[in-house]
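The listed protein sequences derive, respectively, from chains X and S. Each residue of the first sequence is one higher than the last, beginning at 1 in the UniProt record's numbering. Each residue of the second sequence is one higher than the last, beginning at 1 in the UniProt record's numbering. Every residue gets a Cβ at the ideal spot worked out from N, C-alpha and C, and that includes glycine.
Number of protein chains: 2
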Amino acid sequence: MSTTTASTILRLDADLPLDSGQALSGVEIAYETYGVLAPDRSNAILICHALTGDQYVASDHPVTGKPGWWIRMVGPGKPIDTDRFHVICANVIGSCMGSTGPASLASDGKPHAMRFPVITIRDMVRGLVALLDVLGIERLHSVVGGSMGGMQALSLAANFPERAERVLVIASTARHSAQNIAFHEVGRQAIMADPNWQDGNYYGTGRSPDNGLSVARMAAHITYLSEEGLTEKFGRRLQDREAKSFGFDADFQVESYLRYQGSGFTQRFDANSYLYITRAMDYFDLAEEHGGRLADAFAGSTARFCLVSFDSDWLYPTAESRHIVHALNAAGAPVSFVELSAPHGHDSFLLDVPALDRVVDGFLTGVQP
Amino acid sequence: MSTTTASTILRLDADLPLDSGQALSGVEIAYETYGVLAPDRSNAILICHALTGDQYVASDHPVTGKPGWWIRMVGPGKPIDTDRFHVICANVIGSCMGSTGPASLASDGKPHAMRFPVITIRDMVRGLVALLDVLGIERLHSVVGGSMGGMQALSLAANFPERAERVLVIASTARHSAQNIAFHEVGRQAIMADPNWQDGNYYGTGRSPDNGLSVARMAAHITYLSEEGLTEKFGRRLQDREAKSFGFDADFQVESYLRYQGSGFTQRFDANSYLYITRAMDYFDLAEEHGGRLADAFAGSTARFCLVSFDSDWLYPTAESRHIVHALNAAGAPVSFVELSAPHGHDSFLLDVPALDRVVDGFLTGVQP
Chain X
1 MSTTTASTIL
11 RLDADLPLDS
21 GQALSGVEIA
31 YETYGVLAPD
41 RSNAILICHA
51 LTGDQYVASD
61 HPVTGKPGWW
71 IRMVGPGKPI
81 DTDRFHVICA
91 NVIGSCMGST
101 GPASLASDGK
111 PHAMRFPVIT
121 IRDMVRGLVA
131 LLDVLGIERL
141 HSVVGGSMGG
151 MQALSLAANF
161 PERAERVLVI
171 ASTARHSAQN
181 IAFHEVGRQA
191 IMADPNWQDG
201 NYYGTGRSPD
211 NGLSVARMAA
221 HITYLSEEGL
231 TEKFGRRLQD
241 REAKSFGFDA
251 DFQVESYLRY
261 QGSGFTQRFD
271 ANSYLYITRA
281 MDYFDLAEEH
291 GGRLADAFAG
301 STARFCLVSF
311 DSDWLYPTAE
321 SRHIVHALNA
331 AGAPVSFVEL
341 SAPHGHDSFL
351 LDVPALDRVV
361 DGFLTGVQP
Chain S
1 MSTTTASTIL
11 RLDADLPLDS
21 GQALSGVEIA
31 YETYGVLAPD
41 RSNAILICHA
51 LTGDQYVASD
61 HPVTGKPGWW
71 IRMVGPGKPI
81 DTDRFHVICA
91 NVIGSCMGST
101 GPASLASDGK
111 PHAMRFPVIT
121 IRDMVRGLVA
131 LLDVLGIERL
141 HSVVGGSMGG
151 MQALSLAANF
161 PERAERVLVI
171 ASTARHSAQN
181 IAFHEVGRQA
191 IMADPNWQDG
201 NYYGTGRSPD
211 NGLSVARMAA
221 HITYLSEEGL
231 TEKFGRRLQD
241 REAKSFGFDA
251 DFQVESYLRY
261 QGSGFTQRFD
271 ANSYLYITRA
281 MDYFDLAEEH
291 GGRLADAFAG
301 STARFCLVSF
311 DSDWLYPTAE
321 SRHIVHALNA
331 AGAPVSFVEL
341 SAPHGHDSFL
351 LDVPALDRVV
361 DGFLTGVQP
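Written out as structure tokens, the structure is:
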């Protein structure tokens, strides 16, 4: 059962320092919470969202009206059980659902647009930790994230090792590969090639780069699915017709589906945020931040880790998770790792994979060995 | 050694019938030949080009000045030995290097643009066979093609089974998968979203959809390479700088490379041709043309077949070639099949893979068993 709430928005008193050397003033963080915080504050779970995700992990989305993006995982009696845990999910900085991002107003009263500083995954995590500070949560029961959310969980574990007891990283990576960067660059070029982008100054002009953003989303969406999944779901089936049209309409279901995904996305997401967040992901290389050796990133960690990958995920394939597991082993950190079989590709972490539910529940509630 | 020649252009007397039910009048086919045709016309090899290829298989490209796209494979003493064989390579209809396509003038003296009929791989082959008719070549020694060229080779074998003794299909497929269609649809949407596309009527306006075409090429180009190849070639190395710029320049080599590939492509290719040829590939389903059973496509064949796939090709993976081999086996056609190990992904068929040279040479010159 999902509920719609207006997110709480917290304004940080202090400037937020950034990896670029700049700092952000007046940062606002929009967040949702679920479940009751225990008096000793020991039951807080921070869920970190993915590229186009948001804080509405288990609440209806205020723009689309759709249920929260992880409603199957988070709620009363669910694997992340809000009868037991206090769940926090915040919109990352750079995004567009209430936290400070390129669409937010700068000190001159105009939107930052491309004056917004380029941020990193670590900068996003700095924002999340600042939120935890205000909420008085010194140590999380767990930090949990899939995809870019997993990058944040890893970054938190590496840079703020005292802040989480458990780190659950699903379908993620410790660095963006050349292929990952390449796909993101296609998306950025699609946005920037749209004349309505106007060098990012489209706010209030009545024109926005919806076409470019839609193409970016379409290209990215393919990478979230598996070849097998696409074949199973669509194959070469035609859309609402008996025969090929010998034209350029969406003859095939997969074309129609992609167009729908692309145009729907523009209703809820800001193109400049897409530029900034993809850039942050491309910049992510946890080893590089720690002298080039990934194990050193986890040297100070006292957390337990759990890594999950999916066999059909070709965006962040199992080898990327295994790479992290090896580094954790080298750092002497306790880690469990499982590759799950699921047909949905990278998006498996969001979809119906009962084995994932068991892993999540087991890791969060299991007795320490 | 490459030589530049102006292509010969042949004008067909008869209309070319199309799968759409339409017909094309006054079709022109631009082609190149290499080597001497034997008096008994028994040594002709037809090479079919890929999506963005052309007839300049072993001659310098007249626009880019670059060597022919298969210069390493075709020439005196090369695996396709022009001291021995008469090689023919023609620009497919729908393309833009001299054969009739959307940029060609229609009967009203204006470019066809989007009035050009949607064509299929079989239509392309009809054009090639018409060319062979004029050249007086009743039976090819071999038809050879990689990628979309392989689709044409298969289509020729299925629809004109008496026209080729040997059929060599490299890194190809008998049907476009949902994922293949999806990537092409992204490219088409990128082109059509470019305001300079002007519903296809950009010829002579001084504006052409270069941005959209460039994005389309970038997205496609990723699919031609392997994740491993990209990592080996670029990894996360920076382009002409010591540190990240914290901006949206091409910080990473892979970004710079992709942008170069995209913009370079617009110098030599027509956006509408890209729409039409990708559509033809998406429509390709050889089994569907033959009652739904791929083996039936080859029922009348007397040719020998050779299929080659590459282990790093995720665009047309080995399973697609194996699917064809099984159908040929079911049809009782003699076929050899090899999966080659090469790091370059789909583009391996164009690159330095000595094992491919040996397979090609062996198949073309080997004694019949």
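message: If you measure between the beta carbons of residue 222/X and residue 179/S, is that distance less than 8 Å?
response: Along the first sequence, one-based indexing puts residue 222/X at 222. Along the second sequence, one-based indexing puts residue 179/S at 179. Result yes, Cβ atoms of residue 222/X and residue 179/S sit closer than 8 Å.
- request: Kindly provide the ranges of any alpha helix (DSSP H) runs that are 4 or more residues long and lie completely inside the segment 229-286 of chain S, ordered along the chain.
  value: Runs of the alpha helix (DSSP H) lying entirely within the segment 229-286 of chain S and spanning at least 4 residues, in chain order: 253-266 and 271-283.
task: Give a yes or no on whether the minimum CB-CB distance between residue 384/S and chain X is below 8 Å.
output: Absent from the structure is residue 384/S, since the part of chain S shown begins at 1 and ends at 369.
- request: Pull up the DSSP beta-bridge partners for residue 11/S, would you.
  value: To locate residue 11/S, count along the second sequence from 1; it is residue 11. Paired residues: 28/S.
task: Less than 8 Å between the CB atoms is what I'm expecting for residue 64/X and residue 74/X, so what's the real figure, rounded?
output: Sequence index remark: in the first sequence, residue 64/X carries index 64 (1-based). Sequence index remark: in the first sequence, residue 74/X carries index 74 (1-based). Not really, about 18 Å apart at Cβ, beyond 8 Å.
message: Relative to the C-alpha of residue 148/S, which candidate in 359/S, 38/S and 349/S has its C-alpha closest?
response: Start at 1 with the first residue of the second sequence, and residue 148/S comes out as number 148. Nearest option by C-alpha distance: 349/S.
field: DSSP state of residue 127/X mapped onto helix, strand, coil
entry: The residue you call residue 127/X lines up with position 127 of the first sequence. In the structure shown, residue 127/X sits in a helix (DSSP, three-state: H, G or I).
task: Output the residue ranges of the beta strand (DSSP E) runs that lie fully inside the segment 99-160 of chain S and measure 3 residues or longer, sorted by chain position.
output: Taking only runs of at least 3 residues, the beta strand (DSSP E) segments lying wholly in the segment 99-160 of chain S are 140-146.
query: Is the beta carbon of residue 346/S sitting closer than 8 Å to the one on residue 171/S?
result: Locating residue 346/S in the second sequence gives position 346, counting from the first residue. Locating residue 171/S in the second sequence gives position 171, counting from the first residue. In this structure, residue 171/S lies closer than 8 Å to residue 346/S by Cβ.
- prompt: Exposed or buried, residue 162/X, counting other C-beta atoms within 10 Å across all chains shown (16 or more means buried)?
  reply: By one-based count along the first sequence, residue 162/X stands at place 162. Exposed is the call here.
message: Which residue wins for smallest C-alpha separation from residue 325/S, given the options 78/S, 354/S, 352/S and 295/S?
response: Here residue 325/S refers to the residue found at position 325 when the second sequence is read from its first residue. Selected option, being the one with the closest Cα: 295/S.
query: Cα separation between residue 61/X and residue 95/X?
result: Residue numbering aside, residue 61/X sits at position 61 when the first sequence is read from its first letter. Residue numbering aside, residue 95/X sits at position 95 when the first sequence is read from its first letter. If you draw a straight line from the Cα of residue 61/X to the Cα of residue 95/X, it is about 15 Å long.
- prompt: Within the 8 Å Cβ cut-off, does residue 339/X reach chain S?
  reply: One-based indexing of the first sequence puts residue 339/X at position 339. Chain S places no beta carbon closer than 8 Å to that of residue 339/X, leaving this residue out of the contacts.
task: Please go through the segment 43-91 of chain X and give each complete beta strand (DSSP E) segment of 3 or more residues, from N-terminal end onward.
output: DSSP runs (the beta strand (DSSP E)) wholly in the segment 43-91 of chain X: 44-48 and 86-90.
message: Using the three-state DSSP reduction, which class does residue 298/X fall into: helix, strand or coil?
response: Locating residue 298/X in the first sequence gives position 298, where the first residue counts as 1. Correct three-state label for residue 298/X: coil.
- prompt: Which partner residues does residue 336/S have in the DSSP bridge list?
  reply: Indexing the second sequence from 1 puts residue 336/S at position 336. In the DSSP output, where bridge partners are listed per residue, residue 336/S has 306/S.
- prompt: Are the beta-carbon atoms belonging to residue 197/X and residue 271/X less than 8 Å from one another?
  reply: Counting from 1 along the first sequence, the entry for residue 197/X is found at position 197. Counting from 1 along the first sequence, the entry for residue 271/X is found at position 271. Against a cut-off of 8 Å, the Cβ pair of residue 271/X and residue 197/X comes out as a contact.
query: residue 137/X to residue 146/X, Cα distance in whole Å?
result: Your numbering for residue 137/X matches position 137 in the first sequence. Your numbering for residue 146/X matches position 146 in the first sequence. Across the structure, residue 137/X and residue 146/X are spaced so that their CA atoms are roughly 22 Å apart.
- prompt: Are residue 45/S and residue 154/S closer than 8 Å when you measure CB to CB?
  reply: Taking the second sequence and counting its residues from 1, the one referred to as residue 45/S is at position 45. Taking the second sequence and counting its residues from 1, the one referred to as residue 154/S is at position 154. No.
- request: Indicate the three-state DSSP secondary structure (helix, strand or coil) for residue 4/S in the structure shown.
  value: Position 4 of the second sequence, counted from the start, is the residue given in the question as residue 4/S. Note on residue 4/S: pLDDT 46, under 50, position unreliable in the model; the coordinate value appears next. Residue 4/S: coil per DSSP, three-state reduction.
- prompt: Exposed or buried, what is residue 36/X when buried is set at 16 or more other beta-carbons lying within 10 Å of its beta-carbon?
  reply: Against the first sequence, residue 36/X aligns to sequence position 36. The residue is exposed, with fewer than 16 neighbouring Cβ atoms inside 10 Å.
- prompt: chain S beta carbons: is any one of them nearer than 8 Å to that of residue 227/X?
  reply: Within the first sequence, residue 227/X is the residue found at index 227, counting from 1. For residue 227/X, the answer is yes, since a Cβ of chain S falls inside 8 Å of its Cβ.
Interface flag, residue 100/S vs chain X, CB-CB below 8 Å: As a working mapping, residue 100/S is identified with position 100 in the second sequence. So, not an interface residue.
task: Output yes or no for whether 8 Å exceeds the beta carbon distance between residue 88/X and residue 33/X.
output: Here residue 88/X corresponds to residue number 88 of the first sequence, with the count starting at 1. Here residue 33/X corresponds to residue number 33 of the first sequence, with the count starting at 1. In this structure, residue 33/X lies closer than 8 Å to residue 88/X by Cβ.
query: So the beta strand (DSSP E) residue 93/X belongs to, where does it begin and stop?
result: For this step, residue 93/X is matched to residue 93 along the first sequence. Residue 93/X -> no beta strand (DSSP E), and no H or E assigned at all.
message: Please list, in chain order, the chain S residues whose beta carbon lies closer than 7 Å to that of residue 283/X.
response: Numbered from 1 along the first sequence, position 283 holds the residue referred to as residue 283/X. Neighbourhood of residue 283/X in chain S, by CB distance below 7 Å: 244, in chain order.
Continuous beta strand (DSSP E) stretch holding residue 190/X: start and end: Within the first sequence, the letter at position 190 stands for residue 190/X. Note, residue 190/X: premise wrong, no beta strand (DSSP E); alpha helix (DSSP H) at 178-193.
Residue span of the alpha helix (DSSP H) that contains residue 167/S, given as start and end: Within the second sequence, residue 167/S is the residue found at index 167, counting from 1. Per DSSP, residue 167/S belongs to no alpha helix (DSSP H); it is in the beta strand (DSSP E), 164-170.
task: Report the option in 231/X, 250/X and 233/X whose CA atom is closest to the CA atom of residue 240/X.
output: Position 240 of the first sequence holds residue 240/X. When the alpha-carbon of residue 240/X is set against those of 231/X, 250/X and 233/X, the nearest one is in 250/X.
query: Are the C-beta of residue 127/S and some C-beta of chain X separated by less than 8 Å?
result: In the second sequence, counting from the first residue as 1, residue 127/S sits at position 127. Not one chain X Cβ lies under 8 Å of residue 127/S.
field: Own chain residues within Cβ distance below 6 Å of residue 200/X, not counting five before or after
entry: Along the first sequence, read from residue 1 onward, the residue named residue 200/X stands at position 200. Once the five neighbours on either side are set aside, the close Cβ partners of residue 200/X are 113, 114 and 272.
task: Taking only beta carbons into account, state which residues of the segment 168-195 of chain S come closer than 8 Å to chain X, listed in chain order.
output: Residues passing the 8 Å Cβ filter: 175, 176, 177, 178, 179, 181, 182, 183, 185, 186, 188, 189, 190, 192, 193, 194 and 195.
query: Beta carbon of residue 23/X, beta carbon of residue 12/X: below 8 Å?
result: Within the first sequence, residue 23/X is the residue found at index 23, counting from 1. Within the first sequence, residue 12/X is the residue found at index 12, counting from 1. Taking 8 Å as the Cβ cut-off, residue 23/X and residue 12/X do not qualify as a contacting pair.
message: Which same chain residues end up closer than 7 Å to residue 2/S when comparing Cβ atoms and leaving out the 5 residues on each side of it in sequence?
response: One-based indexing of the second sequence puts residue 2/S at position 2. For residue 2/S, the predicted structure reports a pLDDT of 41, less than 50, and the residue's modelled location is therefore unreliable. The matter cannot be settled from this model.
- request: With 9 Å as the limit, tell me which residues of the segment 127-151 of chain S have their beta carbon closer than that to any beta carbon of chain X; keep them in chain order.
  value: Against chain X - using a Cβ distance shorter than 9 Å - the segment 127-151 of chain S contributes no residues.
message: Comparing C-alpha positions only, which one of 237/S, 213/S and 307/S sits nearest to residue 259/S?
response: Counting from 1 along the second sequence, the entry for residue 259/S is found at position 259. Of the candidates 237/S, 213/S and 307/S, the one whose C-alpha sits nearest the C-alpha of residue 259/S is 213/S.
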